[in-house]
Every structure is written in C-alpha cells, then in structure tokens.
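The number in the working numbering is simply the position in the sequence shown, starting from 1, with 950 added.
We put the CB at the ideal spot given by N, CA and C, even for glycine.
Only one structure is covered here, and it is reproduced in the block below.
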Amino acid sequence: TNLISKLTGDENIAIDLKYKKYNYDNNDPGASNRNSVSIGVKKNLFKDRLTVEVGSSVDWGKPTSSNSTSNFNPVGDFRLQYLLKEGGNLRGNIFRTSSYDVLADQNITRGGVGLSYRKSFDNLKDLFGGAKYMKKEEEAEIQRENELLNDDSNATDKK
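Now the structure itself:
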C-alpha cells in the first residue's frame, strides 16, 4: 500500500492482497481442499466521505458442487460506502461479495444495499443513556470541580 501511495502520490489509495486456504477435514480424502487469492483496491473520495472498494479473486482446488475446478470472478467484489453525516455515524452501503462456503461446498454471492449507524461508547450507560446521561455527567463533573475549588479557597483562607 505504501509503495502504491508513493508511486501515485495519493495517500487515499490502499491495496489489499489476501490468500485463503480452505481445508475442511485433513483426514477425509474427499474433503474440501481449496485455495483463494484476492486483490482489492480501496480509494477515499470527496474528503473521505465516499469509500470505493473493488477487487477480484481466483479460487481453485477440489471442485465445487458445480463441478468446476476453479472460480474466477472477473466482475469482482465491490463496496461503496458514503458517510451521510459528517462525523461518520450514519452510513449508506452498496455491496457485492462472492466467496466459497466450505460447509455448503459451493460459491456464494451476496449483494445488497444498507444503512448503518455507529456509536462509540465506553460503558453501557453511555450507550443507553444518550445525551440525557451525558448532560448529567457533565453537570456532576462541574459540581465536583466547583467543590474542589471551594475547598482549596477555604484551606488558603484558614492559613
């Protein structure tokens, strides 16, 4: 990824290379024994609000249930993700993925459109309390600071 960024002069480009070995059962000679190599490119556009990911894969090994010895996916997988809100909490997604399912012994292709929401939190109170809880916490923190300031000023007055 770093080499591609240097060659293109674009820091918002990333390359992903993956190798997968599927080995369902080593002791069974009829078991699934497949390999997959995939390569993908990821690019952020429009001030990082749109992420475009595209890639392709080659799958080979024991034939799938469709009796093919390899699976080449030239159209490839893709994912578009757009940050609907500036902070990135609300996102729209469009995707298509294809992968080998060892248990079903076949290639599975999935595609769809989705809306996702993300929220970061440190504990369950932050998650379920929302703004009301945060406001109470801020007020309590201000009150503790005021009490500490009052205690410090009273201690210096007594000296």
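Check	Outcome
Quick check on DSSP: helix, strand or coil for E1091?	helix
What are the boundary residues of the beta strand (DSSP E) that includes K993?	983-995
By alpha-carbon positions, which one of N994, K997, K970, D1051 ends up nearest to V987?	K970
Within this structure, are the beta carbons of S1007 and G1038 separated by less than 9 Å?	no
Whose C-beta lies closer than 6 Å to the C-beta of R1060 among residues of the same chain, with five residues either side of it excluded?	T1047
Rounded to the nearest angstrom, what separates G1042 and N994 at their Cα positions?	15 Å
Give the secondary structure of K1085 by DSSP, where H, G and I count as helix, E and B as strand, and everything else as coil.	helix
Between D1101 and the rest of its own chain, which residues show a CB-CB distance below 7 Å, the 5 nearest in sequence each way excluded?	none
DSSP three-state label for F1078, please.	helix
Thinking C-beta only, is L1030 closer than 9 Å to L1040?	no
Just the C-alpha distance for G990 and L957, rounded to the nearest angstrom, thanks.	17 Å
Could you name the residues of the same chain whose beta carbon sits closer than 7 Å to that of G1062, not counting the 5 residues immediately before and after it, in chain order?	F1045
Could you name the residues of the same chain whose beta carbon sits closer than 8 Å to that of G1005, not counting the 5 residues immediately before and after it, in chain order?	D966, S988, I989, G990, V991, G1026, D1027, F1028
Please work out which residues of its chain come closer than 6 Å, Cβ to Cβ, to R1068, disregarding the five sequence neighbours upstream and downstream, and give them in chain order.	N1039
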